[in-house]
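Numbering (mature numbering (1 follows the signal peptide of the UniProt record, and there is no 0)), first residue to last: -25 to -1, 1 to 310.
From the three backbone atoms N, C-alpha and C, an ideal C-beta is built for every residue, glycine too.
I have placed the structure first, in the form of structure tokens, so that the comments after it can refer back to it.
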Ligand SMILES: *[C@@H]1O[C@H](CO)[C@@H](O)[C@H](O)[C@H]1NC(C)=O
Ligand SMILES: *[C@@H]1O[C@H](CO)[C@@H](O)[C@H](O)[C@H]1NC(C)=O
Ligand SMILES: *[C@@H]1O[C@H](CO)[C@@H](O)[C@H](O)[C@H]1NC(C)=O
Ligand SMILES: *[C@@H]1O[C@H](CO)[C@@H](O)[C@H](O)[C@H]1NC(C)=O
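Here it is, written out as structure tokens:
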């Protein structure tokens, strides 16, 4: 109970600090079908390049979404969509910041799957790479042209780069993944046409990027993939970074339909990595417990205060501290 209460106070402190610090405008947003929809239009929340668009549900689509058209219609199509506001990954004191992101996507396949989807971060606000195996992220030689971090969800085995189709990988300066893993290890068929829930977190404390995938909205405890690197080695300069998604098809009888339904992202203040380890649902529950605790506490205090006032009037003697704390302890034990 003590620990929980301590956390509750901490949560309250964070909330209060959040409200009372006007200068601290750290990026923290949620977009998609459940709240504010993705908007590709001028002045919208996304910059969309190539074939990226939105649908009537407010979701984001990355390649042409019309179905059952001739194969050529999809040849070498690609889309890039980047959130219009930058993530400031470097604070005023030169400390790098962690981030935490969640999204739900679906990859549906035409005749055969190809090529893949990527969650991306660049040092520029607008960028389009080559289609096909370059995922719309890298140049046609598979190398970066701007500073790049990509987490790829690849559904096609490109013989130069990929060990297998259906893999998740972390890519930096080139398409050759730093680490990658077959999604079947988590019993996931990336192009299986079902919703895939993804969590991508970077912790400045540990320097690890962690990727989690799951077929339901339940964040796995163990990461599916992790890779250690310093943000400063990828995005030098001033830490201004733009995040979003890319998807592509190649020149073959193989294409996918990529839909991002929901996306949330949060930049975490330097030194506050404990954010990454606690599920947001846990925060909400603790908040509720705290409020539930507060109500009886206030009523006890006002009760005690009332008794003190009256007994004080009668006998000239108030309540002792012990009696008061005893009352509160009893009430706590009930909770
Ligand atoms: C895909 O985007 C490219 C570049 O904007 C465009 O030329 C092409 O017509 C688009 N394809 C489809 C099927 O919308
Ligand atoms: C982004 O990175 C590229 C490659 O290092 C560099 O040429 C470019 O100037 C950078 N752009 C910005 C806006 O930092
Ligand atoms: C994954 O799903 C796609 C689309 O349903 C299907 O074509 C493919 O065979 C599946 N892969 C496996 C190994 O089941
Ligand atoms: C970082 O550099 C880019 C490119 O020079 C610039 O557009 C951006 O405003 C800078 N960000 C900050 C926080 O200074």
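Assigned with DSSP and collapsed to three states, residue 159 falls in helix.
If you draw a straight line from the Cα of residue 81 to the Cα of residue 221, it comes to about 13 Å.
Contact annotation: residue 238 and residue 128 have beta-carbon atoms that are not nearer than 8 Å. Straight-line measurement puts the Cα of residue 271 at about 52 Å from the Cα of residue 28. Within the chosen limit of 7 Å, ligand 2 does not reach the beta carbon of residue 146 with any heavy atom.
Exclusion of the five residues before and after residue 30 leaves 36 as the residues of its chain whose Cβ lies within less than 6 Å of its Cβ.
Within the chosen limit of 7 Å, ligand 1 does not reach the beta carbon of residue 36 with any heavy atom. The C-beta separation of residue 107 from residue 51 comes to about 6 Å, placing the pair in contact by the 8 Å criterion.
Look at the stretch 5 to 43 and you find these whole runs of beta strand (DSSP E), each 3 residues long or longer: 21 to 25. Those residues that bring their Cβ nearer than 6 Å to a heavy atom of ligand 3 are 84, 164, 166, 167, 168. By DSSP's assignment, residue 173 forms a beta bridge with 78, 188.
Closest in alpha carbon position to residue 66, among 142, 126, 151, 179, is 179. Per DSSP, residue 143 is not a residue of any alpha helix (DSSP H); the beta strand (DSSP E) it occupies stretches across 142 to 146.
Uninterrupted alpha helix (DSSP H) stretches at least 4 residues long and entirely within the stretch 189 to 248 occur at 206 to 209, given in chain order. If one requires a minimum length of 3 residues, the beta strand (DSSP E) runs lying completely within the stretch 44 to 131 are 53 to 58, 73 to 84, 91 to 97, 123 to 129, in chain order. Looking from the CA of residue 133, the closest CA among 216, 152, 2, 76 belongs to 152.
In the three-state scheme derived from DSSP, where H, G and I count as helix and E and B as strand, residue 149 is classed as strand.
In the DSSP secondary-structure assignment, residue 183 is bridged to 178, 203. Judged by the Cβ position, residue 212 qualifies as a neighbour of ligand 4 at the 7 Å threshold, a heavy atom of the ligand being closer than this.
Excluding sequence positions up to five before and after residue 177, its CB lies within less than 6 Å of the CB of 73, 74, 184, all in the same chain and listed in chain order.
Taking a 10 Å sphere around the C-beta of residue 202, we find 16 or more other C-beta atoms and assign the residue as buried.
In this structure, ligand 4 has no non-hydrogen atom nearer than 7 Å to the beta-carbon of residue 123. Distance from the CA atom of residue 26 to the CA atom of residue 273, rounded to whole angstroms, is 58 Å. When distances are taken from the beta-carbon of residue 264 to the heavy atoms of ligand 2, even the shortest one reaches 7 Å or more. A straight line joining the alpha-carbon of residue 247 with that of residue 4 spans about 18 Å. In terms of side-chain proximity, the C-beta atom of residue 231 is found no nearer than 7 Å to any non-hydrogen atom of ligand 1. Between ligand 2 and the CB of residue 26, the shortest heavy atom gap is not smaller than 7 Å.
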